[in-house]
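Residue numbers (our numbering): 112 to 677.
The beta carbon of each residue, even a glycine, is placed where N, CA and C say it ideally should be.
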RNA sequence: AGGGGCGUCGCCAAGUGGUAAGGCAGCGGGUUUUGAUCCCGCCAUUCGUAGGUUCGAGUCCUUCCGCCCCUGCCA
């Protein structure tokens with residue numbers, strides 16, 4: 112075969128998703144010299160994994176095509192928004208590794224302009240003040256299959272509308288008494304075009320504008336125009352906004368905006384075994400089913416950060432799931448793979464015994480302390496070495512010892528051998544039990560000459576287990592997390608997602624024994640506790656006196672999948 | 001007088017008229033002082049359905065079926 116036949120020299124390039132294709136084409140055709148995107152969260156809650164997808168998409172496109180991405184808080188509803196959320200959101204975006212262009216923007220920065228444009232619409236006879244209340248408006252709106260009816264206030268004169276709108280602005284009407292509506296088409300099959308409200312009265316204090324306004328623009332009236340003001344070229348949002356696009360374009364066409372932004376929609380992220388709706392996440396927090404927005408079991412960015420997930424893992428996940436227009440439910444296994452993959456490559460190894468069982472090495476002097484040197488990572492010499500004190504008594508995992516077991520069991524068994532990781536091969540002689548018959552200690556022997564070598568007699572150990580000195584260790588608490596929901600689709604059907612909560616999603620272990628080197632662990636760093644999983648210091652409960660480690664994720668474990676575990 | 005979307009392997013997803021990429025999961029094997037990592041192999045004669053156009057259709061046309069979104073003074 113020739114090189115041309117095999118194509119062996121060709122580098123596989125990652126296929127472009129539809130947004131990338133659109134941007135590339137726009138750039139090639141010179142529609143824009145530079146693209147500008149934006150991430151537009153409403154500061155009414157914490158960001159979650161679904162937002163991470165949007166963040167990676169918007170900032171990612173800007174980075175990839177040499178453009179810019181703004182961070183703009185969509186703050187048109189002061190009743191539900193606050194500063195706590197804007198600060199948390201800024202922190203989350205930065206932590207994910209992205210930098211917004213220029214200063215943080217707020218839709219409220221444009222309230223004066225938006226107000227002027229509303230007046231412009233009135234002057235053009237394209238907007239009117241309507242006195243219908245909420246219930247009446249619903250009646251006039253029609254239904255999905257029936258057209259709506261024109262409001263009796265639809266034909267007010269420009270002068271009257273101007274005067275009324277000014278009174279609205281001046282606070283002369285109560286909330287709900289009236290609203291400003293765009294005059295489009297009450298018989299449109301697209302309900303968003305049936306004279307949508309563009310300004311409503313809300314006598315609420317705004318976290319950015321204080322008490323300057325008592326009327327606030329609707330999402331539809333604010334979003335596109337804000338995009339135009341900022342020169343956004345590609346306004347990327349989720350599928351449910353597709354029906355709003357005609358309205359988005361209508362405002363852009365009827366107002367003297369400085370630019371023509373285009374809206375594109377992609378499918379929002381759904382993940383099994385979890386919920387990604389702000390309302391439900393808020394309920395979990397408010398009803399204390401979890402320990403706050405950053406509970407390690409939450410799919411929030413702050414929760415995943417506290418859990419030990421890394422920015423790189425989250426970005427890789429968003430890269431792998433793709434960007435399309437079809438709804439789907441991504442397997443949480445993909446997220447878990449990304450976390451393990453990143454941590455395996457970068458987390459230094461350490462040992463920690465979760466459920467200690469004392470082992471006395473009878474042929475080791477009681478006062479002896481041997482200093483062992485071990486690698487911090489099996490495949491990365493650059494991560495260096497560390498030392499471990501080896502003593503007469505050590506702790507091993509309770510489940511790593513059995514008085515008898517079949518050949519599948521690769522740990523310590525009475526009369527058999529096992530290697531203590533980075534140390535010696537030992538052979539168990541006897542199990543000591545308490546009155547109740549529980550094994551409380553194992554007496555074993557070191558097989559001489561097995562440090563870094565196999566036993567001279569040729570009897571190799573069955574496996575390798577982790578351990579920690581029983582006299583020189585760090586006592587700590589370890590928190591094991593499992594899926595928050597038992598059900599694959601807690602959101603689906605008529606079920607209550609709260610009924611799907613996993614009662615065993617958190618297991619708190621006390622008296623865990625970690626190797627001394629972990630005393631210098633710091634928040635933000637991850638470690639692999641060998642044979643156990645990846646762990647990190649808990650940012651909320653850990654103290655110098657009492658370290659608390661969170662299990663970020665267990666190691667992949669194929670043991671017992673197809674064979675008898677006994 | 002409803003409108004707008006979407007259907008390619010268990011899950012995600014390439015494919016843009018020329019003969020079904022890749023990843024996750026799974027399965028089998030090798031290496032291993034972590035039952036991890038790593039490595040090798042297997043895993044869609046078929047693209048929701050039924051017709052049609054074409055030398056050729058996952059890609060074009062038509063039919064039907066299924067799923068999602070829309071009747072907030074939320075975003």
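Where residue i falls, given that 16 or more other Cβ within 10 Å makes a residue buried
| i | result |
| --- | --- |
| residue 336 | buried |
| residue 317 | buried |
| residue 291 | buried |
| residue 132 | exposed |
| residue 436 | exposed |
| residue 76 | Given that the chain is displayed from residue 112 to residue 677, the structure contains no residue 76 and the question cannot be resolved. |
| residue 579 | buried |
| residue 187 | buried |
| residue 489 | exposed |
| residue 568 | exposed |
| residue 139 | exposed |
| residue 474 | exposed |
| residue 399 | exposed |
Delimiting residues of the alpha helix (DSSP H) encompassing residue i
| i | result |
| --- | --- |
| residue 413 | 412-418 |
| residue 79 | This structure gives no information on residue 79, because the portion of the chain shown stretches from 112 to 677. |
| residue 453 | 443-457 |
| residue 171 | 160-175 |
| residue 211 | Where residue 211 is concerned, there is no enclosing alpha helix (DSSP H), given that its DSSP letter is neither H nor E. |
| residue 660 | Run containing residue 660: none in the alpha helix (DSSP H); it sits in the beta strand (DSSP E), 659-665. |
| residue 249 | 245-252 |
| residue 206 | 194-206 |
Residues of its chain near residue i, where Cβ-Cβ distance is below 6 Å and the 5 sequence neighbours each way are ignored
| i | result |
| --- | --- |
| residue 498 | 482, 484 |
| residue 440 | 381, 383 |
| residue 534 | 483, 501 |
First and last residue of the uninterrupted beta strand (DSSP E) at residue i
| i | result |
| --- | --- |
| residue 637 | 637-640 |
| residue 500 | 496-502 |
| residue 239 | 238-241 |
| residue 643 | Element bounds for residue 643: n/a, residue is neither H nor E. |
| residue 426 | Element bounds for residue 426: not the beta strand (DSSP E) but the alpha helix (DSSP H), 422-432. |
| residue 352 | Run containing residue 352: none; DSSP gives neither H nor E here. |
| residue 150 | 147-150 |
| residue 127 | Run containing residue 127: none; DSSP gives neither H nor E here. |
| residue 592 | 585-592 |
Neighbourhood of residue i by C-beta distance below 7 Å, restricted to the same chain and skipping five residues each side
| i | result |
| --- | --- |
| residue 358 | 303, 304, 307, 331 |
| residue 208 | 422, 426 |
| residue 177 | 145 |
| residue 237 | 293, 294, 365 |
Residue of the options minimising C-alpha distance to residue i
| i | options | result |
| --- | --- | --- |
| residue 156 | 611, 610, 404, 605 | 404 |
| residue 507 | 624, 567, 431, 436 | 624 |
| residue 343 | 415, 329, 216 | 216 |
| residue 541 | 554, 273, 530, 533 | 554 |
| residue 598 | 659, 443, 642, 643 | 443 |
| residue 386 | 167, 158, 228, 468 | 158 |
| residue 575 | 556, 537, 346 | 537 |
| residue 549 | 480, 127, 168, 468 | 468 |
| residue 232 | 362, 258, 179 | 362 |
| residue 642 | 419, 531, 428, 632 | 531 |
| residue 633 | 369, 475, 649 | 649 |
| residue 689 | 660, 143, 616, 458 | Missing from the structure shown is residue 689; the chain here goes from 112 to 677 and no further. |
| residue 618 | 657, 663, 631, 601 | 663 |
Under the three-state DSSP convention, the category residue i falls into
| i | result |
| --- | --- |
| residue 132 | helix |
| residue 394 | helix |
| residue 628 | helix |
| residue 670 | coil |
| residue 117 | Unreliable placement is indicated for residue 117, whose pLDDT of 37 sits below 50; no coordinate value is reported for it. |
| residue 224 | helix |
| residue 568 | coil |
| residue 280 | helix |
| residue 389 | helix |
| residue 142 | coil |
| residue 365 | helix |
| residue 334 | helix |
| residue 290 | strand |
| residue 676 | Confidence is the limiting factor: at residue 676 the pLDDT is only 44, short of 50, which leaves the residue's position unreliable, though a coordinate-based value still follows. Coil, per DSSP. |
| residue 181 | strand |
| residue 516 | coil |
| residue 264 | coil |
Own chain, CB closer than 8 Å to residue i, minus 5 neighbours either side, in chain order
| i | result |
| --- | --- |
| residue 181 | 147, 148, 149, 150, 211, 212, 213, 216, 341, 343 |
| residue 130 | 168, 172, 345, 347, 375, 377, 434 |
| residue 655 | none |
| residue 391 | 602, 608 |
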